[in-house]
Every structure is written in structure tokens, then in C-alpha cells.
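Quick note on our numbering: the sequence shown kicks off at 36 and runs consecutively.
Cβ atoms here follow ideal geometry from the backbone N, Cα and C, with glycine treated the same way.
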Amino acid sequence: MDKPRQGKKETGVIVHSKKNWLSEVMITITTLVVWIYCIIVIAFFISSLTNYNNRYINIIKSYFKMTNHDIRFFILFTILLWIVFYFGLLSWKFYNLKRFGSLRRRSYPKFTTKEDLLNLKLMSEEDYNKLQNSKIIIFEKNPIQGLVNQNKNK
């Protein structure tokens, strides 16, 4: 049984990219800004739900002229709106099932056999066998006769 060979130990990164360092810095800064924004928004909603008044979150609340009650009402309204849409789409699904039934009309095609391909008369049986049995094959001319005839007509 063969042992795995001792390869050269790589100390650096295997994948090297040719990206501009300035664009990488901009991508990193943008990503950090978006993550910080998401954390602030989550803290904004959680602080209103738990009635926790932080100095920094209160600055945001006063900027938008909102109170904890307004934010709770907004969250409740959003949840109710989501429930209405959910049940609306669910009832639409049941309506379509009742009206059209379960549409299981699709039938998948059967696997193509050797005879099906040879009946197309695009390739000789000899070329077909070469394609099926050889790992590497080189044709001097295009083996698909229909494509050769189409290219001559153009």
C-alpha cells in the first residue's frame, strides 16, 4: 500500500487574487457600516420591546420623533400585516387547489437510448461507439452530419 507523499508545506495562502487593495478596504468598510447599522436597528427594536432606555438609542428615537409605544405599535402592525398576507396567500392556494385540482400533469421524458440517437441519423454507429468507449477521441471532421450540412447551407 502506498504512503502519501510528503508534499512541500505551504506557508502562504494557496489562492492568490489580483484584487486592488483599495477596493478591498472599501468593501471591508462598507461591510462594517452595514453590520453596525443592523445592530443599531435590532437594538432600537429590542430596547422598545423591553422598555430599556439607553442614551444612544434615545438619541435615535428623538431624531425620528418616536416613543417606545410608537415602535411597539409599528411592530404589532407589521406582524398583523404579515399574518393577513400569510392567510391571504394560504386561502389563494386552497382556492386554486379547489378550482384547478392538484396539477400533476408533468411527465418527465424517458432516458435516451442508443437506438433513439441512431434513429436521428445525425451520427454513424461507428462514431457513436467511439464516443461511448474512448476516453480521448479526436475527429478529423465533425461526426454530427446534420451540423455539417447546416454549416454548408449558411
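Please report the straight-line C-alpha distance between residue i and residue j, rounded to a whole angstrom.
i	j	result
Leu124	Arg134	15 Å
Ile62	Tyr72	15 Å
Ser58	Ile75	26 Å
Lys165	Lys156	16 Å
Thr85	Asn103	9 Å
Lys170	Ser142	34 Å
Leu111	Ser137	36 Å
Thr147	Phe80	58 Å
Pro144	Phe174	30 Å
Ile95	Arg140	55 Å
Asp162	Pro178	7 Å
Val60	Ile172	49 Å
Tyr121	Asp105	24 Å
Val119	Phe109	15 Å
For residue i, count the other beta carbons within 10 Å of its own beta carbon; 16 or more makes it buried, fewer makes it exposed. Which is it?
i	result
Lys53	exposed
Lys128	exposed
Ser83	buried
Lys149	exposed
Spatial neighbours of residue i within its chain, please: C-beta separation below 7 Å, excluding the five flanking residues on both sides.
i	result
Ile114	none
Ile92	Ala78, Phe79, Ser82
Looking only at its own chain, which residues have a Cβ that is under 6 Å from the Cβ of residue i, when we skip the five neighbours before and after it?
i	result
Tyr87	none
Go through its chain and collect everything with a Cβ distance to residue i's Cβ below 8 Å, but skip five positions before and after it.
i	result
Arg107	Ser83, Leu84
Asn89	Ala78, Ser82
Ser126	none
Start-end ranges of the alpha helix (DSSP H) lying completely within the stretch 94 to 141, minimum 4 residues: 103 to 135
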